[in-house]
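Here my numbering is used: position 426 in the sequence shown is 429, and no number is missing along the way.
Quick reminder that beta carbons are idealized off the backbone N, C-alpha and C, glycines included.
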Amino acid sequence: MPSYVSIAFEANLDTHYTYSVPEDLRAGAVMGTRVMAPLGHSQRIGYIVDEDPAVPEGVKLKDILSLVDKKPMITSPLMRLALFVSEYYFCGLGQALRCFLPAPVRHRASDCGMVHVVKIKKDLKELNELYENTPERFWKKRNILRCLIVRKGSSDQKTPFLLQQLKERSECDLASIRALEKAGVLETALEQHWSLRDDEAALPNVPPELTEDQKTAVEKVLEKRNEFAAFLLHGVTGSGKTEVYLHIIEEALKANKTAIVLVPEIALTPQTADRFRGRFGSKVAVLHSAQSDKERHNQWWRIREGSARVVVGARSAIFSPVSDLGCVIVDEEHEGSYKQNGEAPYYNARDLAVMRAKLENCPVILGSATPSLESIRNVKLGKYALLSLTKRVCAVADIKTELVDLNKEVQVASQFGLISRSLKSALTECLGKREQAILFLNRRGYVPRLICPECYETKKCPSCSVPLAYHKRDNQLKCHLCGYTEDYAPPYNCQECGTQLKPAGYGTQRVENLLHAMFPEAKIGRMDRDTTNKRGAHEKILSDFASHEFDILLGTQMIAKGLDFHNVTLVGVLNADISLNTPDFRSGERTFQLVTQVVGRSGRGAKAGRSIVQSFTPEDATLIFATKSNWDGFVKKELEERRTLNYPPFSHIIEIIFRSKDSAKAYEAASKARKKIVSLSKALPGYFYLTEVEEAYPSFAFNEYRWQLHMRVNNVMRAMETLLRPIKANLKSTSLVKCQVDVDPV
Ligand code: ADP
Ligand code: ZN
């Protein structure tokens, strides 16, 4: 029972404040509980992050005002994880803790299972005496007392006694009940009573007999079941990784432990969640951002109270309040979506998974068909143990992949743009056999840009330095970054040279039209951000495709992963260059992963699969490795390049971006910070590299100019201590210049 506590507030304050705890609040004032406390002229919610810190003598401390939670919302291993987040990702502890609780849980919306309950403080004998001694004219008091006597004498003491029930049965108002509360007869409280209903039931699925590879993998993990150990499970899609996870979790549950499973983009892959529910039923809680507040709130409380013991969720599920953690699993560990974006701290849930397993002494399994180079390097360094699944369980044959040179196609059949002759004949054959195809194009809209044929300038968004895309159906130009739209009103002339701009390239809408023209009989479904902005829309598209309502599914990266349709025998990557040409050292890695993922959608059933990858740069080494499924070759080449440049995984990147409506102000803040970092860097041991102040990509977005410092170091924690903590003041956002620190950007 602490007399003093340290409080961290959610705002980005890096100091903690010490408060005294009034006697009546001490029992509940434990680490991880939220409290209301005075801060400056206002009252704020903060987290207790330390009990009984050292208090300098003679200092008069302010009291905390009240407890927000009945029990700690942040369990102690999670508190340690939050500390790590705040140190590694350079943010305040309160700011780190903020992302540990889903918004609906933080806000305690009262319609989310919170009810007012009545607790009776007297025994039956005392209640009866009170009743006898209350004169008839105080009929309200007598009514209430009678209700309390009935309740006290009833056999059901388990279901909560609701305040609402008492009001109705006694026919009394709240004031009369409060009077009895004051007199110490009863107590009212706001409590959590969520429904323990089962989640949407999934068809039970029975574990298959494991293959030898799978058995070995499971056994190796189980050898380390009671200690920290990290594993990289490398296996092509369909090699049975998920089945390995399911077995490991089953063992954890048998030992009365719990499990966390991270999956990317869970809303897009309902099939995955169903497999876990099918195996573990109502022990599973699913967490993802597409759920309603109420759902998320319920799931979180089911986890906190221990009725859900397997958590399947997107990145923030790594903060789930499970206790007795038995294993952490990260499926598709290479995925960029594990990185938090939009709001600091910019954590990577894959890396936090490893840290959490370490803090809770359990194994962590990172699975992928195309592991990140970071994880490969950790295997080489002996930090992770490698588990391999070499064969596809579900397919009859390997997929045949063909790399098509689009330059040649443009010469012979320019009207068909991105549908090459090879792809056309493959589609004809596929449709003729009543089989299905998936076509992938990472560009939505009709055409991605209007371009000047003379000087290659494009028509740009007024608020961002990116080209506007033309959407034919809405007849609008749209910015895919900030959402700006304007009506399409050609002709447009180049601002540089006056030449008339021409639509250039292909988006999914345009390809859809091409396909209709080419295969008038075929039914085509399109899945991109424009067709899925309504709730439930993507489930509908996927279930329609599963029941063969349409023959071709055309989509953006939404369709690249997780989908498991046994009738799909043809997959096409319409333009592999798009991800290859992004200004980013990871573009090769990403392209390899994408092509491998997309190709893996084909031939998952009893029929052989085929895939076609199209490119204007078919001589590119990455594409050749990807289409030949030459993983080792790709890794070797890529690691050599990264080592030469000293890029990750051979170093860590820290990016500091300064944004402002006033470009000069942002630039100035960046150069000031840079000067200080350079002078401090003399004290930093090991590798250190820092760019000049440079334009970020994009250099202008949401009406703000963006300048950045790009830094590479060996050891992030040491860089934080030596370079960034000392210049905290320079990295604080002000009303004029916003600053964000991104560690290990992806
Ligand atoms: P991955 O996660 O690597 O893509 P899955 O675990 O989803 O692979 O397995 C692919 C398919 O093979 C699934 O339909 C799964 O039910 C099936 N499967 C996996 N392991 C086995 C096994 N040992 N015996 C029979 N079928 C299996
Ligand atoms: Zn814009």
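Those residues that have a beta carbon less than 6 Å away from any non-hydrogen atom of the ligand ADP are, in order along the chain, P211, E212, L213, T214, Q217, G238, T240, G241, S242, G243, K244, T245, E246, V396, C397. If only complete runs of 4 or more residues are kept, the segment 536-573 shows the alpha helix (DSSP H) at 540-549, in order along the chain. For P506, there is no enclosing alpha helix (DSSP H); the enclosing beta strand (DSSP E) covers residues 505-507. Summarising the contact set, residues whose Cβ lies nearer than 6 Å to any heavy atom of the ligand ZN are, in chain order, C464, S466, C467, C482, L484, C485, Y487. K383: member of the alpha helix (DSSP H) spanning 376-383, first to last residue. Note: N351 is bridge-paired with K342 in the DSSP secondary-structure output. Sequence-distant Cβ neighbours of A99 in its own chain, meaning closer than 7 Å and more than five residues away, are A85, V88, S89, P348. Across the set E171, V108, Q617, T625, the C-alpha of V108 shows the shortest separation from the C-alpha of H300. The C-alpha of I332 is placed about 40 Å away from the C-alpha of L518. Around the Cβ of D354, a 10 Å sphere holds 16 or more other Cβ atoms; the residue is buried. The closest CA to that of G35, considering only L81, N259, K462, T18, is found on L81. Inter-residue distance for E338 and I252 is about 22 Å (C-alpha atoms, whole angstroms). When Cβ pairs closer than 8 Å are counted between the two stretches, the segment 541-559 is seen not to touch the segment 580-598, the count staying below three.
Counting only residues of its own chain and dropping the five nearest sequence neighbours on each side, K741 has a CB closer than 6 Å to the CB of R662. Annotation: the continuous alpha helix (DSSP H) that includes H519 extends over 511-521. Boundaries of the beta strand (DSSP E) around S663: 655-663.
Taking 4 residues as the shortest admissible run, the segment 153-229 contains the following complete alpha helix (DSSP H) segments, listed from N- to C-terminal end: 166-173, 177-185, 215-226. Boundaries of the alpha helix (DSSP H) harbouring T431: 424-435, taken from the DSSP string. Judged by pairs of C-beta atoms under 8 Å, the segment 593-604 does not touch the segment 459-473, as fewer than three such pairs exist.
A Cβ-Cβ distance of about 52 Å is found for the pair A182 and L265, leaving them out of contact under the 8 Å criterion. With a cut-off of 8 Å on Cβ pairs, the segment 172-186 is in contact with the segment 143-150, counting three or more such pairs. By DSSP's assignment, K679 forms no beta bridge with any residue. Y670 carries a helical assignment under DSSP once its states are collapsed to helix, strand and coil. Cβ-Cβ separation between H250 and L213: approximately 7 Å, consistent with a contact (criterion under 8 Å). Going by C-alpha positions, A686 is about 17 Å away from I657. Annotation: E552 to Y350 spans about 40 Å, alpha carbon to alpha carbon.
Spanning the alpha carbons of A262 and V52 requires a straight line of approximately 26 Å. For I251, the uninterrupted alpha helix (DSSP H) run begins and ends at 244-257, by DSSP.
Closest in C-alpha terms to E438, from the list N570, A352, F595, comes N570. Going by DSSP, A629 is part of the alpha helix (DSSP H) stretching over 624-630.
Taken in chain order, the complete alpha helix (DSSP H) segments of 4 residues or longer contained in the segment 293-333 are 296-307. Just so you know, the alpha carbons of F322 and V315 end up roughly 12 Å apart. For T647, the enclosing alpha helix (DSSP H) covers residues 634-648. About 50 Å separates the Cβ atoms of M358 and K427, ruling out a contact at the 8 Å cut-off. In terms of Cα proximity to E412, the closest of K436, T620, N229 is T620.
Around the C-beta of E515, 16 or more other C-beta atoms lie within 10 Å, and the residue is accordingly described as buried.
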